[in-house]
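Working notes for the structure below.
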Amino acid sequence: MFEAKGRGIRFDQIQELADRIARPPHNWTVDIIWNSYLSIGIEYQGHTETRNRHAATDLISLLRLEAGVDNALVPYADQVEDRYANWLHRQEQAGARFTETQRWWLDRMMRIIASSAGIDADDLDNAPFDERGGIDGALRDLGDNAGDLIEELNRELAA
Numbered sequence: 442m443f444e445a446k447g448r449g450i451r452f453d454q455i456q457e458l459a460d461r462i463a464r465p466p467h468n469w470t471v472d473i474i475w476n477s478y479l480s481i482g483i484e485y486q487g488h489t490e491t492r493n494r495h496a497a498t499d500l501i502s503l504l505r506l507e508a509g510v511d512n513a514l515v516p517y518a519d520q521v522e523d524r525y526a527n528w529l530h531r532q533e534q535a536g537a538r539f540t541e542t543q544r545w546w547l548d549r550m551m552r553i554i555a556s557s558a559g560i561d562a563d564d565l566d567n568a569p570f571d572e573r574g575g576i577d578g579a580l581r582d583l584g585d586n587a588g589d590l591i592e593e594l595n596r597e598l599a600a
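In this note's numbering, the protein residues as written are 442 to 600.
Structure representation (structure tokens):
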């Protein structure tokens, strides 16, 4: 089979951080922290700010801002979507052409990375991938390089 290696921060680590900051005495949520940054004039550069709730993965964006990696506040999912669009463009420039079926897999892998800060082979046996055969379906539709694609998407899209 295949397995994604070298994945950085895991979703369970992000969730643990979110749970810790939510404890007394502060009782903070990602939304409270996010909105605090916006209220002090931190530049927002994400897609239209219409969400009232932020995901635990948005803590990655806050940490990147604090560490000086980013100089503006951008929701994590927006960053992943933008990186994915750039990755697809680079693939096309290099001559890669993805079928509609392959794009189905890639688009959904991107969404998992956006919501979970990464993806691994085990994720392919869960929704929405299980409706197309899970790991076996990924191998069938993406070919033998499915594992390499997962590793590359993690490397290129995740924080």
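Glycine residues also receive a C-beta, built at the ideal position from the N, C-alpha and C atoms.
Endpoints, the alpha helix (DSSP H) within which residue i is located
{"i": "R505", "result": "D499 to E507"}
{"i": "T542", "result": "E541 to S557"}
{"i": "R531", "result": "Y517 to Q534"}
{"i": "L565", "result": "Run containing L565: none; DSSP gives neither H nor E here."}
{"i": "L538", "result": "Looking at the sequence itself, residue 538 is Arg, so the reference to Leu does not match. No alpha helix (DSSP H) holds R538; DSSP gives it neither H nor E."}
{"i": "L514", "result": "First-last for L514: undefined, no H or E at that position."}
{"i": "D589", "result": "A587 to L598"}
{"i": "R573", "result": "From DSSP, R573 is part of no alpha helix (DSSP H); its letter is neither H nor E."}
Whether residue i touches residue j by CB criterion (9 Å)
{"i": "F452", "j": "A513", "result": "no"}
{"i": "I462", "j": "I474", "result": "yes"}
{"i": "E522", "j": "A555", "result": "yes"}
{"i": "L506", "j": "L458", "result": "no"}
{"i": "L503", "j": "V471", "result": "yes"}
Among the options, nearest to residue i - alpha-carbon criterion
{"i": "R524", "options": "G536, E507 and L547", "result": "L547"}
{"i": "I553", "options": "G487, L594 and A459", "result": "L594"}
{"i": "L590", "options": "D571, M550, F570 and A526", "result": "M550"}
{"i": "S557", "options": "T542, I481, Y517 and W528", "result": "Y517"}
{"i": "E597", "options": "V515, W545, N527 and D571", "result": "N527"}
{"i": "W545", "options": "Q534, F570, Y485 and A508", "result": "F570"}
Nearest-angstrom Cβ-Cβ length linking residue i and residue j, presumed shorter than 8 Å
{"i": "A599", "j": "G559", "result": "5 Å"}
{"i": "A579", "j": "A568", "result": "Going by Cβ atoms, the distance from A579 to A568 rounds to 14 Å, so no, they are not a contact pair."}
{"i": "D566", "j": "I576", "result": "6 Å"}
{"i": "L583", "j": "Q532", "result": "Actually they do not touch by this definition, with Cβ atoms about 13 Å apart."}
{"i": "Q486", "j": "V510", "result": "Not confirmed; about 14 Å, so no contact."}
{"i": "D519", "j": "H488", "result": "5 Å"}
> In the segment 449 to 500, which residue ranges form an unbroken alpha helix (DSSP H) of at least 4 residues, counting only runs that do not cross its ends?
Replying inline: 452 to 462 and 471 to 480
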